[in-house]
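Sequential numbering from 108 applies to the sequence shown in the numbering used here. Notes follow once the structure below has been shown.
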Amino acid sequence: MKILLFCGKGDSNDVVYSHLKNNHNLIGVVMDGPSNKKFFVNRRIKKLGWFKVVSQLLFMKGIIPLLKKESQKRANELSNSYDFEVEPVVSCENILRTSSINDDIVIDHVKKMKPDMIIVNGTRIIKKKIIDGVGIPMVNMHVGITPKYRGVHGGYWALANGDKENCGVTAHLIDPGIDTGGVISQRTIEITKKDNYCTYPLLQVIEGLKCYDDAIEQIKNDKLTIINNNLESKLYYHPTIFDYFYYRIFRGVK
């Protein structure tokens with residue numbers, strides 16, 4: 108079962124890479140290039156408006172650094188819990204660096220490598236031409252229970268909504284939508300008093316590796332099963348600074 112990893116840079120990508128390298132037949136990596144942050148912010152402003160986007164940026168630039176400091180000991184504890192050594196994804200011997208995961212060169216590279224499936228983690232939205240062009244299953248880890256918590260920080264939003272039973276992670280097939288592909292595996296996470304906004308994703312990645320394993324095993328044995336959980340579908344964005352203080356004060360969600 109030959110696996111190719113599509114990913115970006117970052118800690119979760121290093122974890123996924125190391126897990127696949129140690130537990131499966133990983134044949135290479137295709138790395139997505141950096142996104143245009145100015146374009147991203149302008150697009151978000153058009154969709155959500157200036158006030159909300161500025162409030163989101165205040166949270167991201169002003170509060171998240173404090174939350175990281177607050178939860179550093181817990182983050183180290185979770186990062187040291189893996190049963191394998193976490194290596195940087197850039198250390199992979201067979202790595203293709205792209206300006207965008209949606210470059211046409213990616214299709215040619217996949218056809219040359221001839222993987223049986225592609226694991227996706229931390230890339231930009233993959234376009235239909237790439238999905239159709241590679242022609243094999245592509246499985247993504249989403250840090251939220253889909254389709255109810257699509258978008259970003261699904262674990263946080265589930266807790267903010269008092270929906271602990273849907274605070275978890277999903278492995279799903281890639282399609283042209285945003286976290287709308289068929290659900291293969293889902294697992295929930297257990298939150299402790301030591302956790303906050305910055306450690307919820309770490310807990311989700313730990314369980315998400317198991318979801319990846321479920322998907323790989325199903326595809327390997329030609330027993331891919333799509334789960335219909337009958338949940339509503341909603342897309343979430345980053346919380347604003349006002350959202351965060353409201354849910355922390357009135358609902359105890361850190």
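Glycine residues also receive a C-beta, built at the ideal position from the N, C-alpha and C atoms.
With 16 or more neighbouring CB atoms inside 10 Å of its own CB, residue 302 falls in the buried class.
Residue 117 and residue 306 have their C-alpha atoms roughly 15 Å apart.
Between residue 277 and the set 231, 249 and 270, the nearest pair of CA atoms involves 249. The stretch 332-348 makes contact with the stretch 252-266; the number of CB pairs closer than 8 Å reaches 3 or more.
Here residue 122 is buried, its C-beta having at least 16 other C-beta atoms within 10 Å. Listed in chain order, the non-local C-beta contacts of residue 312 below 8 Å within the same chain comprise 119, 122, 123, 248, 250 and 276, local neighbours out to five positions each way being set aside. Around the beta carbon of residue 156, fewer than 16 other beta carbons sit within 10 angstroms, so the residue counts as exposed.
The straight-line gap separating the alpha-carbon atoms of residue 213 and residue 205 is approximately 8 Å. Given a length threshold of 3 residues, each whole run of the beta strand (DSSP E) inside the stretch 247-320 is given here in chain order: 275-280 and 290-295. The residues 325, in chain order, have a CB closer than 6 Å to that of residue 331 in the same chain once the five nearest residues on each side in sequence are set aside.
Annotation for residue 317: 294 place their beta carbon closer than 7 Å to its own, counting only its chain and skipping 5 residues before and after. Taking a cut-off of 8 Å for Cβ pairs, the stretch 148-164 and the stretch 130-139 do not touch, as fewer than three such pairs fall below it. Secondary structure of residue 330 (DSSP, three-state): coil. For residue 231, no beta strand (DSSP E) run applies, since DSSP gives it neither H nor E. With respect to the 9 Å criterion, residue 246 and residue 280 are classified as neighbours on the basis of their beta carbons. Here residue 335 is exposed: its Cβ has fewer than 16 other Cβ atoms, across all protein chains shown, within 10 Å. When DSSP states are grouped into helix, strand and coil, residue 132 belongs to the strand group.
Per DSSP, the continuous alpha helix (DSSP H) segment holding residue 154 begins and ends at 144-155. In the DSSP annotation of this structure, residue 208 is not part of any beta strand (DSSP E), being labelled neither H nor E.
Check the Cα spacing between residue 230 and each of 304, 143, 193 and 194: the tightest is with 143. Comparing C-alpha distances from residue 323 to each of 352, 225 and 308 shows the shortest one belongs to 225. Burial state of residue 113 is buried, judged by a 10 Å Cβ sphere holding 16 or more other Cβ atoms. The straight-line gap separating the alpha-carbon atoms of residue 209 and residue 282 is approximately 13 Å.
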